[in-house]
Amino acid sequence: MSRLPVFSTALLAASLALVGCAQGEKTADSAGGGQAGTCSYPSAGRPAKPVDPPSGGSVASAGKTAITLTLDGAPVVLTLDRGQAACAVNSFESLAKQGWYTKTQCHRLTDQRTFVLQCGDPTGTGSGGPGYTFADELGGAATFAKTGQQYQGRDMVTYPKGTVAMANSGPNTNGSQIFLVWQDSPLLPDYTVLGTMDEASVENVAKVAAEGVAADGTKPNAPGLISNVTMG
Numbered sequence: 006m007s008r009l010p011v012f013s014t015a016l017l018a019a020s021l022a023l024v025g026c027a028q029g030e031k032t033a034d035s036a037g038g039g040q041a042g043t044c045s046y047p048s049a050g051r052p053a054k055p056v057d058p059p060s061g062g063s064v065a066s067a068g069k070t071a072i073t074l075t076l077d078g079a080p081v082v083l084t085l086d087r088g089q090a091a092c093a094v095n096s097f098e099s100l101a102k103q104g105w106y107t108k109t110q111c112h113r114l115t116d117q118r119t120f121v122l123q124c125g126d127p128t129g130t131g132s133g134g135p136g137y138t139f140a141d142e143l144g145g146a147a148t149f150a151k152t153g154q155q156y157q158g159r160d161m162v163t164y165p166k167g168t169v170a171m172a173n174s175g176p177n178t179n180g181s182q183i184f185l186v187w188q189d190s191p192l193l194p195d196y197t198v199l200g201t202m203d204e205a206s207v208e209n210v211a212k213v214a215a216e217g218v219a220a221d222g223t224k225p226n227a228p229g230l231i232s233n234v235t236m237g
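FYI, this note's numbering numbers position 135 of the sequence shown as 140, with every residue one higher than the one before it.
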């Protein structure tokens with residue numbers, strides 16, 4: 006299991022875990038709003054449960070799509086932006102349609118200085134993935150405002166409340182795990198931004214977070230259960 010460094014005092018950040026590594030491919034227009042992008046999804050270990058990798062090659066890289074997660078009985082609407090992350094959105098849609106996220110529990114909550122709920126591992130351990138990886142698309146994170154803080158000589162940025170992004174364990178190791186930002190959070194600009202949540206959805210994620218972190222220091226006290234996923 007890999008994780009982000011834990012920053013000291015004012016730089017404390019989330020540990021967003023995801024196993025795997027990638028030698029992915031992306032074109033210049035995959036994050037820039039063109040009509041098509043080229044995506045590659047190389048194999049990376051055994052999937053946490055049976056699933057087919059998404060179709061690679063040329064994928065749509067313009068427009069937005071909505072996917073609704075039912076989280077602890079409340080709707081969380083994700084508006085995914087192909088213009089920012091064509092390959093990531095293509096993968097997320099494929100997994101969602103195959104039921105990957107249905108009846109899974111969000112396995113990690115951070116509620117100090119970095120405010121995220123991490124989901125997308127059917128094993129609930131933070132180490133499970135879909136058996137493939139894909140390349141980073143960091144155009145979205147590059148637009149976020151700098152915090153004025155640095156970690157190991159690199160500028161941190163603020164992931165705004167409502168951001169939906171891919172968790173990873175290093176460059177080009179995206180898989181199925183995502184994190185939902187329910188309050189502005191400082192992180193390095195190393196995470197592919199899938200899209201956003203609306204205000205009502207942020208409030209529903211915050212209600213899960215309000216129950217606190219479990220005694221293990223990782224999982225939410227709330228069930229954090231994604232019981233249903235609806236396309237559109």
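Positions of the beta carbon are idealized from the N, C-alpha and C atoms, including for glycine.
Because the structure is a prediction, the values reported are computed rather than measured.
With the rule of 3 Cβ pairs closer than 8 Å, the segment 176 to 188 counts as touching the segment 130 to 142. Counting along the chain, no alpha helix (DSSP H) covers Cys111, and no H or E run does either. Apart from the 5 residues on each side of it in sequence, Asn226 sits with its Cβ closer than 6 Å to the Cβ of Glu216, Gly217, Ala219 in its chain, given in chain order. The C-alpha of Asp57 is placed about 32 Å away from the C-alpha of Ala205. For Ala101, the three-state secondary structure derived from DSSP is helix. DSSP places Lys151 outside any alpha helix (DSSP H); the residue lies instead in the beta strand (DSSP E), whose first and last residues are 151 to 156. A direct Cα-to-Cα measurement between Ala93 and Ser174 gives close to 15 Å. With distances taken between CA atoms, Ala211 lies nearest to Asp77 out of Pro52, Asp77, Thr197. One Cα belongs to Asp126, the other to Met236, and the distance between them is close to 19 Å. According to the DSSP secondary-structure assignment, Val64 is paired through a beta bridge with Gly42. Residue pairing of Cys124 in beta bridges, as defined by DSSP: Ile183. Residue environment for Arg113: buried (at least 16 other C-beta atoms within 10 angstroms of its C-beta). Secondary structure at Asn177: coil, using DSSP grouped into helix, strand and coil. Each of Phe120, Glu142, Val82, Tyr46 was checked against the Cα of Pro191, and the nearest Cα belongs to Phe120.
Lys166 sits close to Val207, with the two beta carbons spaced by under 8 Å.
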